[in-house]
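Peer 1: Taking this note's numbering, the leading residue of the sequence shown gets 174, the next gets one more, and so forth.
No residue lacks a Cβ here, since even glycine has one placed at the ideal position from N, Cα and C.
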Amino acid sequence: MNYADFYRRSIDTPEQFWQDEAALIDWNVPCTKVLDYSHPPFAKWFVGGQTNLCHNAVDRWCAAQGERAALIAISTETNTERSYSFNELRTEVERCAAMMQSLGVGRGDRVLIYMPMIAEAAFTMLACARIGAIHSVVFGGFAANSLASRIDDAKPALIVSADAGSRNGKAIPYKYLLDEAITLSTAKPAKVLLVNRNLAPMEVVAGRDEDWASLRAANMDAHVPVTWLESNDPSYILYTSGTTGKPKGVQRDVGGYAVALASSMKYNFCGNAGETFFATSDIGWVVGHSYIVYGPLIAGMATIMYEGLPICPDAGIWWSIVEKYKVTRMFSAPTAIRVLRKQPPEFMRKYDLSSLRALYLAGEPLDETTSKWISEELGVPIIDNYWQTETGWPILSIAKGVEDLPTRLGSPGVAMYGYKVKLLNESTGEECGANEKGVVVIDGPLPPGCMQTVYGDDQRFVDTYWSTFDGQQVYSTFDWGVRDADGYYFILGRTDDVINVAGHRLGTREIEESISSHANVSEVAVVGVEDKLKGQVAVAFVIVKDATRTADDAGRAAQEREILGVVDHQLGAVARPSRVYFVPQLPKTRSGKLLRRSIQAICEGRNPGDLTAIEDPASLQQIQHALHGDAKK
Ligand code: AMP
């Protein structure tokens, strides 16, 4: 098939195109209207259609391949490995659904999942989907305050968690952070369901906390039929960082998401039923939702859930998994590959990787060195794909399942079917020509699978994403990009204050707010600075109230430790800046706006740019001095 024609059809006749794609999944009742775009930018896909994500991911496969592996949960932290067939997965999901129902959870209720990478987390997600409850998975690396703001926004009826996660053999207590988050929050959940892994002590709150194992034992024979949902009912909320301190709840539908995932599994990930997919992400991120849990299962594939580091017990661990489970398609992030590149290549060469057909990388820019190295080592195509929590599946890539177009180093690829991607000039709003830098935007309607709205806040959805350009309602990705004459895009970084650390998206505002809560902090600026391993790291510049405490090296080191401790405690280690520097003032415009880009440029050894509006040029030198360990000058 010719990709150009395929793409054109998706853009010119979207209703026909997506109607055909809808046949990839099961519907209890077919839709009456493929697309309702009568209230832009809100798009409704497959209106009137009734389906269910859990049915398509699990039950649908039980008849034809019930005994085949569906979920393989591997933990190198606890040295456990457990494979669930589609039949077994359905049984566990039904038990979990019954457990949740016994705790009062019903259709439309929110269930917050704060769990490590264990099979029970996937059971819970699928069980929510089964009964029409809306899950909100919060990444395990987030701490009390991050968690509390998500609890307050989603107002969950139930929180499902565990005693602890584990990292590099060390237990990371979850329950204790959860208790603190619930204390901080105003929307207290009625019930908390806890998996006890016996990794860390747990205090049980009587009347609120329930034990997973006991409740499961009481529901061993449970049968919970699938609840058929209207295609546009919400399936889940996933919070993501933006430019304000308040994370946005990205809300997704049921039918559109199922169809988009089924299509992307076919055209992008080329997955076939009976094969094995291995995405190394975490269920707390969008990749985990789309390509650990729902996507591969909807395609009838076995999916691997991995808890552990890529280099423990040694750097061969992922490749040993590929060999053992004959993984055909693997999905990871550039940072992980850069970590592996630092290890001796023998670890990779030890295993039979002949089952592997392609490696997909996403989440952050893929540099040429990393791409070339891994491609030579593995001898399979490396397929970059660019997307966002908001879109749920790739915006730019090469759809090898449609046509074997070549990839281009440094480019994630071309616009994916259904996405009307274009570049707009930031100041004029006019469309850019080839090789002209602009903001990557998408014309509405967004294709199936993309966010429906910001949970509970339609206006924020419109204001945040669709109002960047005066007089034009286009969806902004907030990424800079450029397109070559052949339609290949290159992503050039964010237009906003969102940074990307090891493929994890963080809002600098959130980190600044957390640092500001330290008693001795008067002002703070957090910027993302280029890093060879993680792509970017957060760096903080702080003005203290009492400068005597940062007068010498020992004082500065102590304050830095304290401030980092605050971030660890409130937001989690994932958001911890790599360094905190102390400065007497921060570069600002005369109107008081922080010149973050200039700070960032100085950190990266670049020219700070146009400084005509700066209030005091000396502030930039002070940043320089701080960076060079000369803070007193
Ligand atoms: P998230 O919503 O956490 O997935 O982050 C999305 C952001 O990550 C995008 O807006 C980009 O800035 C960046 N990103 C994701 N994938 C890629 C990629 N393949 N190449 C370059 N940047 C990427």
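Just checking Glu267 against the ligand AMP - is the residue's beta carbon closer than 7 Å to any of the ligand's heavy atoms?
Peer 2: As a first step, residue 267 must be located in the sequence shown, where it is residue number 94. No, the ligand AMP has no heavy atom inside 7 Å of this Cβ.
Peer 1: For the alpha helix (DSSP H) containing Asp326, list its first residue and its last residue.
Peer 2: The sequence position of residue 326 within the sequence shown is 153, counting from 1. Ala317 to Ala327 is the extent of the alpha helix (DSSP H) around Asp326.
Peer 1: Skipping 5 residues on each side, what residues in its chain have a beta carbon closer than 6 Å to that of Gly473?
Peer 2: Locating residue 473 in the sequence shown gives position 300, counting from the first residue. Taken in chain order, the residues that qualify are Trp234 and Ala446.
Peer 1: Return yes when the Cβ of Thr417 is within less than 8 Å of the Cβ of Arg763, no when it is not.
Peer 2: Counting from 1 along the sequence shown, the entry for residue 763 is found at position 590. Counting from 1 along the sequence shown, the entry for residue 417 is found at position 244. Taking 8 Å as the Cβ cut-off, Arg763 and Thr417 do not qualify as a contacting pair.
Peer 1: Have a look at Ser404, Val207 and Ala292 and flag the residue whose alpha-carbon is nearest the alpha-carbon of Tyr257.
Peer 2: Position 84 of the sequence shown holds residue 257. Comparing Cα-Cα distances from Tyr257 to each of Ser404, Val207 and Ala292, the minimum goes to Ala292.
Peer 1: Between Phe215 and Lys593, what straight-line distance do the alpha-carbon atoms span, to the nearest angstrom?
Peer 2: Taking the sequence shown and counting its residues from 1, one reaches residue 215 at position 42. Taking the sequence shown and counting its residues from 1, one reaches residue 593 at position 420. Computed Cα separation, rounded: 16 Å.
Peer 1: Are the beta-carbon atoms of Leu815 and Gln223 separated by less than 8 Å?
Peer 2: Shown here, the chain extends from 174 to 806; a query on residue 815 therefore has no answer.
Peer 1: For Arg241, is the beta carbon positioned less than 7 Å from some heavy atom of the ligand AMP?
Peer 2: Here residue 241 corresponds to residue number 68 of the sequence shown, with the count starting at 1. No, Cβ of Arg241 sits at least 7 Å from all heavy atoms of the ligand AMP.
Peer 1: Locate the beta strand (DSSP E) running through Met478, then write down its first and last residues.
Peer 2: On the sequence shown, residue 478 is found 305 positions in, with the first residue counted as 1. Per DSSP, Met478 belongs to the beta strand (DSSP E) from Ala475 to Glu480.
Peer 1: Quick one: what does DSSP say Lys805 is sitting in, helix, strand or coil?
Peer 2: For this step, residue 805 is matched to residue 632 along the sequence shown. Residue confidence is low: Lys805 scores 45 on pLDDT, short of 50, so the model does not pin down where it sits. Its coordinate-derived value is still stated next. Three-state result, Lys805: coil.
Peer 1: Counting C-beta neighbours from all protein chains within 10 Å, is the total for Cys776 16 or more, i.e. buried, or is it exposed?
Peer 2: Position 603 of the sequence shown, counted from the start, is the residue given in the question as residue 776. Buried: at least 16 other Cβ atoms inside 10 Å.
Peer 1: Quick one: Cα of Leu893 to Cα of Ile247, how far?
Peer 2: No answer is possible for residue 893: it lies beyond the span of the chain, which begins at 174 and ends at 806.
Peer 1: Say whether the region 448-468 touches the region 648-660, bearing in mind that this needs 3 or more beta-carbon pairs closer than 8 Å, one atom from each stretch.
Peer 2: At 8 Å Cβ cutoff, the stretches do not touch.
Peer 1: Need the endpoints of the beta strand (DSSP E) that Asn252 sits in, please.
Peer 2: Counting from 1 along the sequence shown, the entry for residue 252 is found at position 79. That residue, Asn252, is in no beta strand (DSSP E); it is neither H nor E in DSSP.
Peer 1: For Ala306, I'd like the list of residues in its chain whose CB is within less than 6 Å of its CB, leaving aside the five on either flank, ordered along the chain.
Peer 2: Translated into positions along the sequence shown, residue 306 becomes position 133. Answer for Ala306: Val278, Asp282 and Val284, listed in chain order.
Peer 1: Have a look at Cys301, Ser570 and Lys523 and flag the residue whose alpha-carbon is nearest the alpha-carbon of Leu534.
Peer 2: One-based indexing of the sequence shown puts residue 534 at position 361. Nearest C-alpha to Leu534: Ser570.
Peer 1: Is the beta carbon of Ala431 less than 8 Å from the beta carbon of Pro620?
Peer 2: Position 258 of the sequence shown holds residue 431. Position 447 of the sequence shown holds residue 620. Taking 8 Å as the Cβ cut-off, Ala431 and Pro620 do not qualify as a contacting pair.
Peer 1: Which same chain residues, not among the five before or five after Thr637, have their C-beta less than 8 Å away from its C-beta?
Peer 2: By 1-based counting over the sequence shown, the position of residue 637 is 464. Taken in chain order, the residues that qualify are Gly415, Lys421 and Val627.
Peer 1: With contact counted as at least three CB pairs below 8 Å, one residue from each stretch, are the region 384-395 and the region 600-607 in contact?
Peer 2: Taking 8 Å as the limit for Cβ pairs, the verdict is that the region 600-607 does not touch the region 384-395.
Peer 1: Can you pull the DSSP bridge partners for Asp704?
Peer 2: Here residue 704 is taken as the residue at index 531 of the sequence shown, counted from 1. Answer by DSSP bridge pairing, in chain order: Gly708.
Peer 1: Along the beta strand (DSSP E) that carries Pro538, what are the first and last residues, could you check?
Peer 2: Here the question's residue 538 lines up with position 365 in the sequence shown. Note, Pro538: premise wrong, no beta strand (DSSP E); not H, not E.
Peer 1: Which of the three DSSP states, helix, strand or coil, is assigned to Met375?
Peer 2: What you label residue 375 is simply residue 202 of the sequence shown in a count that begins at 1. Coil, per DSSP.
Peer 1: Along the beta strand (DSSP E) that carries Thr416, what are the first and last residues, could you check?
Peer 2: The residue given as residue 416 occupies position 243 in the sequence shown. From DSSP, Thr416 is part of no beta strand (DSSP E); its letter is neither H nor E.
Peer 1: Classify Ser211: buried if its beta carbon has 16 or more other beta carbons within 10 angstroms, exposed otherwise.
Peer 2: To locate residue 211, count along the sequence shown from 1; it is residue 38. Exposed, by the Cβ-count rule.
Peer 1: In or out: Gln120 buried (at least 16 other Cβ within 10 Å) or exposed?
Peer 2: Past the edges of the chain, shown from 174 to 806, lies residue 120, and the structure says nothing about it.
Peer 1: Per the DSSP calculation, Phe451 is bridged to which residue(s)?
Peer 2: For this step, residue 451 is matched to residue 278 along the sequence shown. Per DSSP, Ile477 and Met503.
Peer 1: Does Asp540 come within less than 8 Å of chain B when only Cβ atoms are used?
Peer 2: Absence of chain B from the displayed structure is noted, only one protein chain being present.
Peer 1: Return the CA-CA distance between Ile355 and Glu609, expressed in angstroms with no decimal places.
Peer 2: Translated into the one-based positions of the sequence shown, residue 355 becomes position 182. Translated into the one-based positions of the sequence shown, residue 609 becomes position 436. Going from the Cα of Ile355 to the Cα of Glu609 covers about 49 Å.
Peer 1: Would you list, in sequence order, the uninterrupted beta strand (DSSP E) runs of no fewer than 3 residues that lie entirely inside the region 220-282?
Peer 2: List check, beta strand (DSSP E) in window: 242-248 and 253-258.
Peer 1: Cβ of Asn673 versus every heavy atom of the ligand AMP: is any distance shorter than 7 Å?
Peer 2: Here residue 673 is taken as the residue at index 500 of the sequence shown, counted from 1. Yes, Cβ of Asn673 sits closer than 7 Å to a heavy atom of the ligand AMP.
Peer 1: Return yes when at least one heavy atom of the ligand SAH lies under 7 Å from the C-beta of Gly778, else no.
Peer 2: This structure lacks the ligand SAH; the ligands present are the ligand AMP.
Peer 1: At a cut of 8 Å, does the region 176-194 reach the region 354-370 through at least three beta carbon pairs?
Peer 2: Taking 8 Å as the limit for Cβ pairs, the verdict is that the region 354-370 does not touch the region 176-194.
Peer 1: If I follow the unbroken beta strand (DSSP E) through Asp193, where does it start and stop?
Peer 2: For the purposes of this step, residue 193 is taken as the residue at position 20 of the sequence shown. Segment Pro187 to Ala195 is the alpha helix (DSSP H) holding Asp193; no beta strand (DSSP E) there.
Peer 1: Look at the alpha carbon of Thr508 and the alpha carbon of Gly221, and state the distance between them as a whole number of angstroms.
Peer 2: For this step, residue 508 is matched to residue 335 along the sequence shown. For this step, residue 221 is matched to residue 48 along the sequence shown. Thr508 and Gly221: Cα-Cα distance of roughly 42 Å.
Peer 1: What do you reckon, are the CB atoms on Asp426 and Gln561 nearer than 8 Å?
Peer 2: What you label residue 426 is simply residue 253 of the sequence shown in a count that begins at 1. What you label residue 561 is simply residue 388 of the sequence shown in a count that begins at 1. No.
Peer 1: Taking C-alpha atoms, which residue in Thr641, Tyr590, Arg633 and Asp630 lies nearest to Val613?
Peer 2: Start at 1 with the first residue of the sequence shown, and residue 613 comes out as number 440. Here the closest residue by C-alpha is Thr641.
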